[in-house]
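Residue numbers (our numbering): 70 to 592.
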Ligand code: NAD
């Protein structure tokens, strides 16, 4: 393992920046919680927490702003996203510093978030007008019944986002909601609230009217229910356990929700794979943001014929990962974000080792680098009964398994209640696509780890099974934030018996009409 020569230097952010961003929060400040930089333990801020009256005020303001915003032509709303895109790229130095400081990750992984927000902003800034334009399906009586289907914004959308990808998960889900004519009340995680506040600040500088995108601050278990109680739709990203609670709360109110939840994602190396490429990309796919990525790979199934070569290359590449989270691109993997993440990672590895697994790389904490650093870790010999076998670690730990056929690889990959992301490696892409079709996951990457599907934002992304309901990205990621309204205009004759016509004659006439329509192959 290549180590940093000194403790990471991410520490406090400039005071004036922190104060300017905190002033953006809907948080009165009667109560506050201290937030520390994971990589160093330095205090970032005393984060004010929102009271019930703060949350009320956020929703009242948002509702008023939303009514005005919904009347703004969609092309003007799209122009805000275009300017936001440019600001995020132009000011990436600032936002990368904030993300790194709050989340503890390396700069390269923070940059993935900048890229994510840029491509989402560009996509919805280009496609929103087309996706939101009314449709005119055939009416019940051709020519006489004119039908239009309109898209109406839901109103105020609650975006409840976690700490692991604080820019991407706060902004990329808010942008389509906003461009569709909604307001957003965000509840970012306390640990990474400044990142979300920076995004709101940048959006207003890009021309978003004040009050349309606000943030309330507080622990999810304390204010989450209050936010959901006032929202018209909920977009939630986090664990499957909390997703069930959110889904229940949304169900009680009969409002829609989109739940983006956990994963235990498999990577399959078929017998004809380019082993070196698979090993190199697997390192990125397993250890992005120290494995604190919902899409990250935690299980690798390798065909017997290439197992030894793959494991040798993968282990060597893992051992060469440079650990650190300085505010530059010197390091490939940063810190875990919380002590509880370090506890989970340590417990999963210790449990596996105690039950007979072998550590091929990593397997230890690195307090010499920072309080929550843990080496990227490869385990072999993991079996049923070990915690890491089925439970999401959400840390830099991956298990490698030997398989003897594509069927066995698929069967083992599918042996999980999760279904978020998967990766299949083969030189024969037709073969890989056939295997991909059999893997139960919302996204399957062929000859990539996660970024091919995730970064292709014109296509939907989301989970099967306990990995969630709902989708982000693509048309689905926008249309979930609107209700459809059908307006049908009847011209000439009404759809009823003509004056003097009996009901039975009406039924006979209509029966004839239905038969003619079918014969003419009309829809
Ligand atoms: P968590 O569910 O404990 O917390 C996630 C967020 O939800 C936190 O900000 C928390 O404050 C909030 N929260 C907790 N209880 C709440 C409640 N009752 N109401 C409203 N909000 C509440 O999860 P975690 O362990 O902190 O986060 C990691 C999990 O998130 C992992 O399982 C990971 O896979 C998942 N995740 C999924 C995606 C995705 O897109 N599918 C992306 C990132 C993370």
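Where a beta carbon is used, it is the ideal one built from N, C-alpha and C, also for glycine.
Enumerate in chain order the residues of its own chain whose CB-to-CB distance from residue 533 is below 7 angstroms, with the five nearest sequence positions on each side excluded.
488, 509, 510, 511
Quick one: residues in its chain with C-beta nearer than 7 angstroms to the C-beta of residue 128, no 5 flanking neighbours on either side, listed in chain order?
225, 254, 299
Residue burial classification, residue 283 (beta-carbon count within 10 angstroms, cutoff 16):
buried
Ignore the nearest five residues each way along the sequence and tell me which others in residue 591's own chain have a CB closer than 6 angstroms to its CB.
none
Closest residue to residue 227 among 308, 318, 581 (Cα-Cα distance):
318
Taking the DSSP output, what are the residues bridged to residue 215?
207, 558
Exposed or buried, what is residue 442 when buried is set at 16 or more other beta-carbons lying within 10 Å of its beta-carbon?
buried
Three-state secondary structure (DSSP) of residue 668
Given that the chain is displayed from residue 70 to residue 592, the structure contains no residue 668 and the question cannot be resolved.
Apply the 10 Å Cβ neighbour rule to residue 577 and answer buried if 16 or more other Cβ atoms are within range, or exposed otherwise.
exposed
Run the CB neighbour count on residue 71, radius 10 Å, all protein chains shown included, and call it buried at 16 or more, exposed below.
Because the pLDDT at residue 71 is just 39, under 50, the model does not fix this residue reliably, and the value given afterwards should be weighed accordingly. Burial call: exposed.
Residues that residue 392 bridges to, as DSSP identifies them
402
Among residues of its own chain, excluding the 5 on either side of residue 78, which ones have a beta-carbon nearer than 8 angstroms to its beta-carbon?
Annotation note: pLDDT 43 at residue 78 (below 50); position unreliable, coordinate value reported separately. The answer, listed in chain order, is 109, 395, 396.
CA-to-CA distance, residue 515 to residue 261, given in whole angstroms:
33 angstroms
Of all the beta strand (DSSP E) runs that stay within the bounds of the segment 428-512, which reach a length of 3 or more residues?
446-449, 466-472, 490-494
From what residue to what residue does the alpha helix (DSSP H) around residue 85 run?
84-91
For residue 284: DSSP bridge partner residues
255
Count the other CB atoms within 10 Å of the CB of residue 473; is the residue buried (16 or more) or exposed (fewer)?
exposed
When you compare only the Cα positions, how much space is there between residue 73 and residue 459?
In this prediction, residue 73 scores a pLDDT of 39, lower than 50, which makes its location untrustworthy; the coordinate-derived value is nonetheless stated afterwards. Between residue 73 and residue 459, the C-alpha separation is close to 33 angstroms.
Contact between the segment 419-428 and the segment 494-509 (3+ Cβ pairs under 8 angstroms)
no
Let me make sure I understand the geometry here. Which of 179, 519, 210, 310 has the alpha-carbon closest to that of residue 163?
179
Completely contained beta strand (DSSP E) runs for the segment 357-388, where each covers 3 or more residues:
366-372
Can you tell me which of the three DSSP states residue 587 falls into?
helix
Ordered list of beta strand (DSSP E) runs contained in the segment 318-347, each at least 3 residues:
325-329, 334-338
Can you check the segment 102-156 for any beta strand (DSSP E) of at least 3 residues that lies completely inside it and give the ranges in chain order?
112-117
Does the separation of the CB atoms of residue 421 and residue 252 fall below 8 angstroms?
no
What do you get for residue 257, buried or exposed, if any count of 16 or more other CB atoms within 10 angstroms of its CB means buried?
buried
Under the rule that 16 or more other beta-carbon atoms within 10 Å means buried, what is residue 333, buried or exposed?
buried
Mind checking who residue 514 pairs with in its DSSP beta bridge?
492
Spell out the partners DSSP gives residue 302 in its beta bridges.
226, 325
Kindly give me the distance between the Cβ atoms of residue 371 and residue 338, rounded to whole angstroms, as I take these residues to be in contact under 8 angstroms.
4 angstroms
Compute the distance between the beta-carbons of residue 491 and residue 478, then report whether it is under 8 angstroms.
no
Kindly give me the distance between the Cβ atoms of residue 191 and residue 154, rounded to whole angstroms, as I take these residues to be in contact under 8 angstroms.
5 angstroms
Using only the heavy atoms of the ligand NAD, determine whether one of them is closer than 7 angstroms to the beta carbon of residue 389.
no
Helix, strand or coil for residue 530? Go by DSSP, reduced to three states.
strand
Among residues of its own chain, excluding the 5 on either side of residue 343, which ones have a beta-carbon nearer than 8 angstroms to its beta-carbon?
494, 496, 516
Can you find a heavy atom of the ligand NAD that lies under 7 angstroms from the Cβ of residue 232?
yes
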